[in-house]
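So the sequence shown is numbered by full-length UniProt numbering: it starts at 1 and just counts up by one. No residue lacks a Cβ here, since even glycine has one placed at the ideal position from N, Cα and C. These figures come from a predicted structure and were not determined experimentally.
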Amino acid sequence: MTDQPAGTYAPSADMAANAHADKATYEKMYAASINDPETFWGEHGKRLDWIKPYTRVKNTSFAPGNVDIKWFDDGTLNVSANCIDRHLATRGDQTAIIWEPDSPDDEALHITYNMLHEKTSLMANVLKEMGVGKGDRVVLYLPMIPEAAYAMLACARIGAIHSIVFAGFSAEALGARVNACDAKVVITADGAQRGGRVTNLKDSVNQALLNDFDEVKCLLVKRTGQQIAWRDGLDYWLHEMEEKVSADCPAEEMSAEDPLFILYTSGSTGQPKGVVHSTGGYLVYAAMTQQYTFDYHDGDIFWCTADVGWVTGHSYIVYGPLANGATTIMFEGVPTYPDAGRFWAVCEKHKVNQFYTAPTAIRALMAQGNDYVTKYDLSDIKVLGTVGEPINPEAWNWYNDIVGKGNCPIVDTWWQTETGGHLLTPLPGATATKPGSATLPFFGIQPVILEPTSGEEIHDTAAEGVLCIKDSWPAQMRTVWGDHERFEKTYFSDYKNYYFTGDGCKRDEDGYYWITGRVDDVINVSGHRMGTAEVESALVAHAKVAEAAVVGYPHDIKGQGIYAYVTLMNGEEPSDELRKELEVWVRSEIGPIAKPDLLQWAPGLPKTRSGKIMRRILRKIAEDDFGALGDTSTLADPSVVDDLIENRMNKA
Ligand code: WTA
């Protein structure tokens, strides 16, 4: 291509010709989706099998005080039947899930749609046997084993609502989530195996269920065979229960608007919110994005490296791919075990066609050198994807040159737990990419950039401000579990009549979107969302801590690191032991991902006279950029700043 601006990568002619959408198709479909969403989604909703077809398509309002989102709401269907049963006649013997175990010496499992049907039905009947019914909540606290997918689909099959808690979260965090959704059953495993190490999951569950939740039953998958503490009358082995139930479990007829799952995610204030996703709209959108964003074709092998504990695993390991009758890989291990070539070894072994991972993983592997990549045959890869945080151009270029050999379009997908699926993303055959830009909106998405203080929409093509979405899309979250008011307040009150994403964004002269990061007190550590307020409240829960303030700072591999300022109680002395103790404490309150990377003892925190902590200043000091502190004259005691600068942890 000759007229291509520098730094952009247009799809090859071959890719454009064979893709589900080339540029003209994308533009035509996008225009149709915006001009007449009813007709567009009415048509694309038919990609699912409905028990009772919908007659209404879009029924949504972002109006202040009346936020109400419904799609296909008089239709009925079952997600498990859509992900399994409807494929059986044509692809019962096709592999649905390739399970790649932690150790490369263990054998991968090829789970066909027939096997998936049997395993899911058995687990669904086991759950029924344990008293779980339609609308009940089931918490999953599982490693990346096939049973995680069976459990999700088993819940969907009987109309139970699952809430997955990432197995890296602590007992404390698990207990809070079990309690928040009032779960009847927790599904877990004896232990987890990751990176050659074994951790005990059942212990965490026991600890989480110790006090308040005596009634909560536990369904246990045997994975590691390690010793566990058994709770008589409350614990059940899956393999024993499976012997007692039939392998026939009819799929429950669900309304399109029945909740499919809850997923807790961090916000800028308070405890994590239970994001609620729907049955119909969610699945339509997860399936459609999986197909178009990755240009997935029948017979392709698709690999999303996320954990099912995050939304990416929900939409792009399980629901999207399986609704499309795809072959999806589920990987138990980590990118660096047994060495930094594992991703590429798995790509070669299973002939992966679409590979989807996070910038933090790309940066970590890039740092290990190219040999780990180049010794494998990656010629089956057609499309590379990223998600979770802005990707820096160096990492983008490495991914493009070394992994993709310059032949694979990179889809930088911007989305959120709340959005259910991709909102901004290139399509491989349609969109010329620019390193670091999530490019253009998916069908049906109307991004707008608002001036942050006035809330006015900026209409110029080149613009910078906060990113909002003008109208609803099928996979939009429906509410915060048990707290619709918080839903409205968090997403629809700062900027009226828009969905507020919490992200800052630039739009360039070509209309391309560039996410600049969160504008609220959420930080993104290795692609994991973390509320600074959560880490702060964990720290101040420690008896020796008087006050804490947490901010993010740029980190080479993780994207952002966690920087904590801690003021001790009177009479407590800072020491290395206490620092260790606080680190262990945060791990046990939340999980290893919340452990501060840098912890500074702060005799005082910079506050305004009304007592508000000036985070702007703390962020600057953490960034080692204290030359630009701005006006500190409004501080109650400006001298605390000098001490913080003097003792900063991040000196260049
Ligand atoms: C960030 C993950 C830049 C963003 C699916 C968003 C990104 C938050 C990208 C959501 C991307 C996600 N480029 N930033 N491609 N993808 N983010 O809920 O700040 O875990 O608001 O969902 O991650 O994180 P969450």
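Remark: the C-beta of THR490 is outside contact range of ligand 1, defined as less than 7 Å to any heavy atom.
Pairing ARG507 with ILE449 gives a Cβ-Cβ distance under 8 Å. Sequence-distant Cβ neighbours of MET130 in its own chain, meaning closer than 7 Å and more than five residues away, are VAL185, LYS217, LEU219 and TYR236.
Counting along the chain, the unbroken beta strand (DSSP E) around ASP503 starts and ends at 499 to 507.
With respect to THR224, ASP258 sits apart: the two C-beta atoms are not nearer than 8 Å. Rounded to the nearest whole angstrom, the CA to CA distance from GLY341 to THR386 is 18 Å.
Beta-bridge pairing by DSSP links GLY385 to TYR356 and VAL411. Three or more beta-carbon pairs separated by less than 8 Å are not found between the stretch 572 to 584 and the stretch 608 to 625, which leaves the two stretches without contact. In this structure, ALA475 has its CB at a distance of at least 7 Å from all heavy atoms of ligand 1. Around HIS162, the same chain offers VAL138, LEU140, MET152, CYS155 and PHE261 as residues with beta carbons nearer than 6 Å, after the five sequence neighbours per side are excluded. In the three-state reduction of the DSSP assignment, ILE621 falls in the helix class, which pools H, G and I. With a threshold of 7 Å, the Cβ atom of TRP414 counts as near ligand 1, since some heavy atom of the ligand is closer than that. Ligand 1 never approaches ASP49 closely enough for any of its heavy atoms to be under 7 Å from the residue's Cβ.
Counting along the chain, GLU577 sits inside no beta strand (DSSP E); it lies in the alpha helix (DSSP H) bounded by residues 576 to 589. Between ligand 1 and the CB of ARG507, the shortest heavy atom gap is not smaller than 7 Å. A residue is called buried when at least 16 other Cβ atoms come within 10 angstroms of its Cβ; ILE51 does not meet this threshold and is exposed.
With fewer than 16 neighbouring CB atoms inside 10 Å of its own CB, THR39 falls in the exposed class. Boundaries of the alpha helix (DSSP H) harbouring ASP642: 639 to 646, taken from the DSSP string. When the beta-carbon positions are compared, GLN476 and ASN524 stay at least 8 Å from each other. As computed with DSSP, GLU547 is found in a beta bridge with THR567. For the 8 Å CB-CB criterion, THR95 and ILE111 form a contact. Bounds of the beta strand (DSSP E) holding THR95 are 95 to 100. As DSSP reads the structure, MET530 sits in a beta bridge with ILE523. Its chain contains GLY561 as the residues whose beta carbon lies nearer than 6 Å to that of HIS555, once the 5 sequence neighbours on both sides are disregarded; these appear in chain order. In this model, ASN114 and GLY552 are separated by some 47 Å (Cα to Cα).
In the displayed model, TYR9 falls within a strand according to three-state DSSP. By the neighbour-count definition (other C-beta atoms within 10 Å, threshold 16), PRO603 is an exposed residue. If you look at GLY280, you'll find it in the alpha helix (DSSP H) that goes 280 to 293. Residue pairing for TYR54: DSSP places it in no beta bridge. Proximity of the beta carbon of ASP503 to ligand 1 is indicated: a heavy atom of the ligand is located closer than 7 Å. Boundaries of the alpha helix (DSSP H) around VAL126: 113 to 129.
Taking the Cα of VAL57 as reference, the smallest distance to any Cα among ARG231, ALA256, LEU427 and ALA462 is reached at ALA256. For the pair ASP136 and THR374, the Cα-to-Cα distance works out to about 49 Å. Every unbroken stretch of the beta strand (DSSP E) spanning 3 or more residues and falling wholly within the stretch 148 to 208 is given here in chain order: 161 to 164, 185 to 189, 191 to 194 and 197 to 200.
Each residue's CA atom was taken as its position, placing ASN407 and ARG177 some 44 Å apart. Annotated as distal: ARG47 and VAL318, with beta-carbon spacing of 8 Å or more.
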